[in-house]
Amino acid sequence: MVVFPSNKAICERLNGMPCSTMRRHLARLVEAGLLQRRDSPNGKRYVRKHGEERVAFGFDLSPLYCQSEEIARAAEAVREAEERVRRLREVVSLMRRDLAALAEFGDEMQPGLGIWDQLRDKAILTARALRRKLSIEDLAAYRADLEALLDQARNIIDGSETEEMNTNDARSERHHHNSNKESIDLEPALEKSGAAADVPDVDRNEPVADVDEQDTRHLPKIPLHLVIAACPSLKTFYQGEIRHWHQLFDAACHVRPAMGISASAWEEAQRFMGPEQASIVVSAMLERFEDIRSPGGYLRALTAKAVAGEFSCGPMVMALIGRRSAA
103 MVVFPSNKAI CERLNGMPCS TMRRHLARLV EAGLLQRRDS PNGKRYVRKH GEERVAFGFD
163 LSPLYCQSEE IARAAEAVRE AEERVRRLRE VVSLMRRDLA ALAEFGDEMQ PGLGIWDQLR
223 DKAILTARAL RRKLSIEDLA AYRADLEALL DQARNIIDGS ETEEMNTNDA RSERHHHNSN
283 KESIDLEPAL EKSGAAADVP DVDRNEPVAD VDEQDTRHLP KIPLHLVIAA CPSLKTFYQG
343 EIRHWHQLFD AACHVRPAMG ISASAWEEAQ RFMGPEQASI VVSAMLERFE DIRSPGGYLR
403 ALTAKAVAGE FSCGPMVMAL IGRRSAA
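The numbering of the sequence shown is our numbering, which starts it at 103 and goes up by one.
Here it is, written out as structure tokens:
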């Protein structure tokens, strides 16, 4: 267990490390008890053989060997601690983004409440703090604060939007079953005729730039993380990863045919809601699929409300979260 390289050989193996630096590191390893010096009478490092016996002068590695298991456990503990910090930092970052999005969404739904400014300030301060290297205790404190604010904001939004959603659902059901019952039931006929229920005629040759401008006005303010939490059924039918809006759109395109929604109804919804909000609507409809008699007709009816400026996907998502909480 005794090795005897020269200082020059050690420095070469360390990619040309200066000798003074190498000697300083060796001294620290000796102080830490990981190495022991076995000096020769003249201070040189070498090996001498006497018959079958071998005497070496240099660095004894037996302390390092004896402590190898302890060192491995300590290294694993350090890696686990770093992984916990990394995961907690990622959670805090996601919560911070959710907080900022909920502040904008809540201010739109219930303007004038002081809590929205509080949420914005907390999101900004958290973003600044995440630029630094925070300890696990600091990150846990930020997580607790953010969780409390998110719960408070969601309770406020959930209470108001669930009531609004129930009212809108009741009004929509009366409209579907009474004044427009036939159009909702006959989605295939609508698809053949090329006309959307309650959706005004649109010039199909309209420039694409206008469609892009329409989409940008309908970008959702509700966080994607909240949508995924409210619509767990989506993961059952779509095995891909959903971490960004374009992935949610891909999932909605995947499940749309299986739900019986025609291509024309889906294109119309994208045109007037924007692809992100249309994807949220399809995901929310999947959660209530058993309660919806004609998904294609229901999507056309919601598209008509979007045309009139009377639709927001937020109430649908919050109503689903309210139902899951009540269950």
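Just so you know, even glycine gets a beta-carbon here, dropped at the ideal spot from N, CA and C.
Quiz item: According to DSSP, which residues form a beta bridge with D253?
Solution: Note: D253 sits in no beta bridge, so no partner.
Practice problem: Locate the beta strand (DSSP E) running through D162, then write down its first and last residues. | Solution: 155-162
Exercise. Under 8 angstroms by Cβ, that's how I've got I361 and L388 pegged, so tell me the actual separation to the nearest angstrom.
Key: Sequence check: residue 361 is Met here, not Ile. Going by Cβ atoms, the distance from M361 to L388 rounds to 7 angstroms, so yes, they are a contact pair.
Quiz item: By Cβ distance, which residues of its chain are closer than 6 angstroms to F339, with the 5 residues on each side in sequence left out?
Solution: V357
Self-check item: Buried versus exposed call for P213 [16 or more other C-beta atoms within 10 Å across all chains shown]
Solution: exposed
Quiz item: Which one of Q220, M211, R188 has the shortest CA to CA distance from K235?
Solution: R188
Self-check item: Within the region 350-397, ranges of the alpha helix (DSSP H) (whole runs, at least 4 residues)
Solution: 365-375, 377-389
Exercise. Return the chain-ordered list of same chain residues with a C-beta closer than 8 angstroms to the C-beta of E343, the five sequence neighbours on each side being excluded.
Key: Q349
Practice problem: Let me know the secondary structure DSSP gives R345 once reduced to three states. | Solution: coil
Practice problem: Hey, could you find the ends of the alpha helix (DSSP H) R230 is sitting in? | Solution: 216-231
Quiz item: Are the region 377-388 and the region 396-408 in contact at 8 angstroms, needing three or more beta carbon pairs?
Solution: yes
Quiz item: Would DSSP call K337 helix, strand or coil?
Solution: helix
Self-check item: From A255, I217, L227, residue whose alpha carbon lies closest to that of Y244
Solution: L227
Quiz item: Tell me which same chain residues have a C-beta within less than 6 angstroms of the C-beta of R147, skipping the five on either side of it?
Solution: F106, F159, G160
Quiz prompt | Rounded separation between T405 and S237 - CA only | solution = 48 angstroms
Quiz item: Considering only residues of the same chain and omitting the five flanking positions on each side of I394, which have a CB-CB separation below 7 angstroms?
Solution: M387, Y400
Quiz item: What's the call for S122, buried or exposed, on a 16-neighbour Cβ count within 10 Å?
Solution: exposed
Self-check item: Given W347 as reference, the closest of I324, V194, G411 once Cα atoms are compared
Solution: I324
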